[in-house]
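Asks: Before anything else, here's the structure in question.
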């Protein structure tokens, strides 16, 4: 079981604001995009005994990670970012989107491991039982369809994987893969998605 | 006189040197803001989307600019056969707008993904070598080069790796000669990965055209190597030797640099000027 670090800006996120503005222009009449939030996802993949939930090794890894995130300056810049470290032992079964939202989780089509970040972490805060750090990005969207529903399908077509200049925005399927988070989704599904060698280019939705 | 529009999108930073490179070969260049009316854009014979960081590369490089009405207009003009060149960030815009490679016109069939190189990531700025291949874009973009010529050029990007998830698109690019310019070793031998290919692009592509051969997405910066004075003194090969010989000779330093081939080719295609001879 992996621990997860979620990072978002606490200053105005100009990328998210630009995506909001560009996204609204792409939506069909009657559909609304009320809010959009960008969050970076950092997955800490355990190794060996640390993989056993609740084990002493897993608890030690979680404690070490918390200290490393709190005291280093290469995960989070507290002057502009806020973060949430969800320890493997505390994460529960599923990841639940913020209230009223749904998400598009993206990752590079190639290797998601950040070897440089792992090397720096191990150099400055040596941790046993950590095999890899993986990265992704999630876009949380608050949408409303013409019928009063969340209008997720229409919004995904308009704002998700880019097909042509008039359709798609947040994902280029030739360099990224994506997973739709319509509601609570098992963490194991997230782990599988982020760790897969190179997911197919076609949409992977729940 | 042939007229080209250099499109100034918020965040680009190469519009002036791009315009100068066009003017140098006899093409009248106008720097136009991104929100000019479509009717104004239609008056031009060619379009150049310069390098930089349009909309600060928010979301992805080129992703937001690709939605601009000006780019939509340029796409329409390209369908009429007009010339369109995107350099670096401009290339990213053209790819995100689906102008290149245009196997299924209008569809986005490529990405310019983050560079991939051993033990390094992110932005990379250095000189690389490209070879001109045969393809439908030769007439417009590389006619001033001998077939197979190898030229050094500066590159400066973090997201320059041409990539597609569609094997049919990759096959078409390869079989139809759409990868008009490819990274090679300094002597011209095929690239064998890093450092010859600085970003891990499929087919070692540095520049890809559309099927019509009138739209080019090119990652290196020919406008920054337009005159011999732009070549670094320590560059290996014939261009470096020429640069060292030219020290103290103003006229020679102002002569063509290795990137001039693109603008000379454009000028010839547009009937603006006659190429001053093949590049070395």
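Chains as they are written, first to last, in this note's numbering: chain A, 47 to 252; chain B, 1041 to 1320.
Glycine included, C-beta positions come from ideal geometry on N, C-alpha and C.
On a predicted model such as this, the values are computed, not experimentally measured, just so you know.
Which two residues bound the contiguous alpha helix (DSSP H) that contains residue 223 of chain A?
Replies: One-based indexing of the first chain puts residue 223 of chain A at position 177. Counting along the chain, residue 223 of chain A falls outside any alpha helix (DSSP H), though it belongs to the beta strand (DSSP E) covering 222-227.
Asks: Compare the C-beta of residue 1117 of chain B with all C-beta atoms of chain A and state if any pair is closer than 8 angstroms.
Replies: Within the second chain, the letter at position 77 stands for residue 1117 of chain B. With 8 angstroms as the cut-off, residue 1117 of chain B does not count as an interface residue toward chain A.
Asks: At least one CB of chain B closer than 8 angstroms to the CB of residue 220 of chain A: is that the case?
Replies: By one-based count along the first chain, residue 220 of chain A stands at place 174. Closer than 8 angstroms: yes.
Asks: With distances taken from CA atoms, which of B/1291, B/1107, B/1154, B/1236 is nearest residue 1169 of chain B?
Replies: Mapped onto the second chain, residue 1169 of chain B falls at position 129. Checking every option, the nearest Cα to that of residue 1169 of chain B belongs to B/1236.
Asks: Could you check if residue 53 of chain A is buried or exposed, using at least 16 other CB atoms within 10 Å of its CB as the buried criterion?
Replies: As a working note, residue 53 of chain A is residue 7 in the first chain. It is buried - the Cβ of residue 53 of chain A has at least 16 other Cβ atoms within 10 Å.
Asks: Find out if the Cβ-Cβ distance for the pair residue 1141 of chain B, residue 1253 of chain B is shorter than 8 angstroms.
Replies: Residue 1141 of chain B sits at position 101 when you count from the first residue of the second chain. Residue 1253 of chain B sits at position 213 when you count from the first residue of the second chain. For residue 1141 of chain B and residue 1253 of chain B, no; Cβs fall outside 8 angstroms.
Asks: Taking the continuous alpha helix (DSSP H) assigned at residue 1309 of chain B, which residues delimit it?
Replies: The sequence position of residue 1309 of chain B within the second chain is 269, counting from 1. Note, residue 1309 of chain B: alpha helix (DSSP H), 1300-1310.
Asks: Nearest CA to the CA of residue 107 of chain A: which residue from A/96, A/164, A/224, A/151?
Replies: Translated into the one-based positions of the first chain, residue 107 of chain A becomes position 61. Minimum Cα distance to residue 107 of chain A is reached at A/96.
Asks: Taking the CB atoms as reference points, tell me whether residue 1299 of chain B and residue 1268 of chain B lie closer together than 8 angstroms.
Replies: Position 259 of the second chain, counted from the start, is the residue given in the question as residue 1299 of chain B. Position 228 of the second chain, counted from the start, is the residue given in the question as residue 1268 of chain B. Their beta carbons are not under 8 angstroms apart, which means residue 1299 of chain B does not touch residue 1268 of chain B by this criterion.
Asks: Using a Cβ cut-off of 7 angstroms, pull out every chain B residue sitting near residue 155 of chain A, in sequence order please.
Replies: Mapped onto the first chain, residue 155 of chain A falls at position 109. Chain B residues near residue 155 of chain A: 1205.
Asks: Does residue 1262 of chain B pass the burial test, meaning 16 or more other C-beta atoms within 10 Å, or should it be called exposed?
Replies: Numbered from its first residue, the second chain carries residue 1262 of chain B at position 222. It is buried - the Cβ of residue 1262 of chain B has at least 16 other Cβ atoms within 10 Å.
Asks: Could you tell me if the beta carbon of residue 1276 of chain B falls within a distance shorter than 7 angstroms of some heavy atom in the ligand GDP?
Replies: Looking at this structure, you won't find the ligand GDP or any other ligand, since it has none at all.
Asks: Rounded to whole angstroms, what's the CA-CA distance from residue 1078 of chain B to residue 1085 of chain B? Just pull it up for me.
Replies: For the purposes of this step, residue 1078 of chain B is identified with residue 38 of the second chain, where counting begins at 1. For the purposes of this step, residue 1085 of chain B is identified with residue 45 of the second chain, where counting begins at 1. Spanning the two alpha carbons is a distance of roughly 14 angstroms.
Asks: Which residues of the stretch 196-213 of chain A have a Cβ closer than 7 angstroms to any Cβ of chain B? Give them in chain order.
Replies: Listed by position along the chain: 208, 209, 210, 211.
Asks: Roughly how many angstroms lie between the CA atoms of residue 1283 of chain B and residue 1244 of chain B, to the nearest whole one?
Replies: Taking the second chain and counting its residues from 1, one reaches residue 1283 of chain B at position 243. Taking the second chain and counting its residues from 1, one reaches residue 1244 of chain B at position 204. Each residue's Cα considered, the two are about 27 angstroms apart.
Asks: Would you say residue 82 of chain A reaches chain B, if we count a Cβ-Cβ gap shorter than 8 angstroms as a contact?
Replies: As a working mapping, residue 82 of chain A is identified with position 36 in the first chain. So no, residue 82 of chain A is outside the interface.
Asks: Helix, strand or coil, according to DSSP, for residue 48 of chain A in the structure here?
Replies: For this step, residue 48 of chain A is matched to residue 2 along the first chain. In this structure, residue 48 of chain A counts as coil in the three-state DSSP scheme.
Asks: State the start and end residues of the unbroken alpha helix (DSSP H) segment that holds residue 1039 of chain B.
Replies: No answer is possible for residue 1039 of chain B: the residues shown for chain B start at 1041 and end at 1320.
Asks: At a Cβ cut of 8 angstroms, what residues of the stretch 64-78 of chain A count as close to chain B, listed as they run along the chain?
Replies: Listed by position along the chain: 64, 65, 68, 71, 72.
Asks: Taking just the CA atoms, how far does residue 70 of chain A sit from residue 232 of chain A?
Replies: On the first chain, position 186 is the one that residue 232 of chain A refers to. On the first chain, position 24 is the one that residue 70 of chain A refers to. C-alpha separation (whole angstroms): 30 angstroms.
Asks: Using a C-beta to C-beta distance shorter than 8 angstroms, which residues of chain A count as neighbours of residue 1095 of chain B?
Replies: Indexing the second chain from 1 puts residue 1095 of chain B at position 55. The answer, in chain order, is 64.
Asks: Would you call the CB atoms of residue 1105 of chain B and residue 1049 of chain B closer than 8 angstroms?
Replies: Mapped onto the second chain, residue 1105 of chain B falls at position 65. Mapped onto the second chain, residue 1049 of chain B falls at position 9. Cβ atoms of residue 1105 of chain B and residue 1049 of chain B: closer than 8 angstroms.
Asks: Any beta-carbon of chain B closer than 8 angstroms to the one on residue 162 of chain A?
Replies: In the first chain, residue 162 of chain A corresponds to position 116, counting from 1. At least one chain B Cβ lies under 8 angstroms of residue 162 of chain A.
Asks: So within the stretch 1127-1159 of chain B, which uninterrupted alpha helix (DSSP H) runs reach at least 4 residues, ignoring any that extend past its ends?
Replies: Entirely contained in the stretch 1127-1159 of chain B, the alpha helix (DSSP H) runs reaching 4 residues are, in chain order, 1129-1136.
Asks: Provide the residue(s) that pair with residue 217 of chain A in DSSP beta bridges, ordered along the chain.
Replies: Against the first chain, residue 217 of chain A aligns to sequence position 171. The partner list for residue 217 of chain A (beta bridge, DSSP) reads A/207.
Asks: Residues of chain A with a CB under 8 angstroms from the CB of residue 1146 of chain B: which are they?
Replies: Numbered from 1 along the second chain, position 106 holds the residue referred to as residue 1146 of chain B. What residue 1146 of chain B touches in chain A: 210, 211.
Asks: By alpha-carbon positions, which one of A/137, A/86, A/223 ends up nearest to residue 157 of chain A?
Replies: Taking the first residue of the first chain as 1, we reach residue 157 of chain A at position 111. Taking only the C-alpha atoms, the option nearest residue 157 of chain A is A/223.
Asks: Should the stretch 1147-1165 of chain B be regarded as contacting the stretch 1113-1125 of chain B, the criterion being three or more beta carbon pairs within less than 8 angstroms?
Replies: Because the criterion of three Cβ pairs below 8 angstroms is not met, the stretch 1147-1165 of chain B and the stretch 1113-1125 of chain B do not touch.
Asks: Residues in the stretch 1153-1183 of chain B with C-beta within 9 angstroms of chain A's C-beta atoms, listed in sequence order?
Replies: Flagged, chain order: 1153, 1154, 1156, 1159, 1160, 1161.
Asks: Against residue 1112 of chain B, what residues of chain A qualify as contacts under a CB-to-CB distance less than 8 angstroms, listed in chain order?
Replies: The count along the second chain starts at 1 and reaches residue 1112 of chain B at position 72. 211, listed in chain order.
Asks: At a Cβ threshold of 8 angstroms, is residue 1136 of chain B touching chain A?
Replies: Numbered from its first residue, the second chain carries residue 1136 of chain B at position 96. Yes, residue 1136 of chain B counts as interfacial toward chain A.
Asks: Report all residues from its chain with a CB closer than 8 angstroms to the CB of residue 148 of chain A; omit the five preceding and five following residues, and keep chain order.
Replies: In the first chain, the residue the question calls residue 148 of chain A occupies position 102. Only 186, 187, 189, 196, 198, 226, 227, 228, 229 meet the Cβ criterion.
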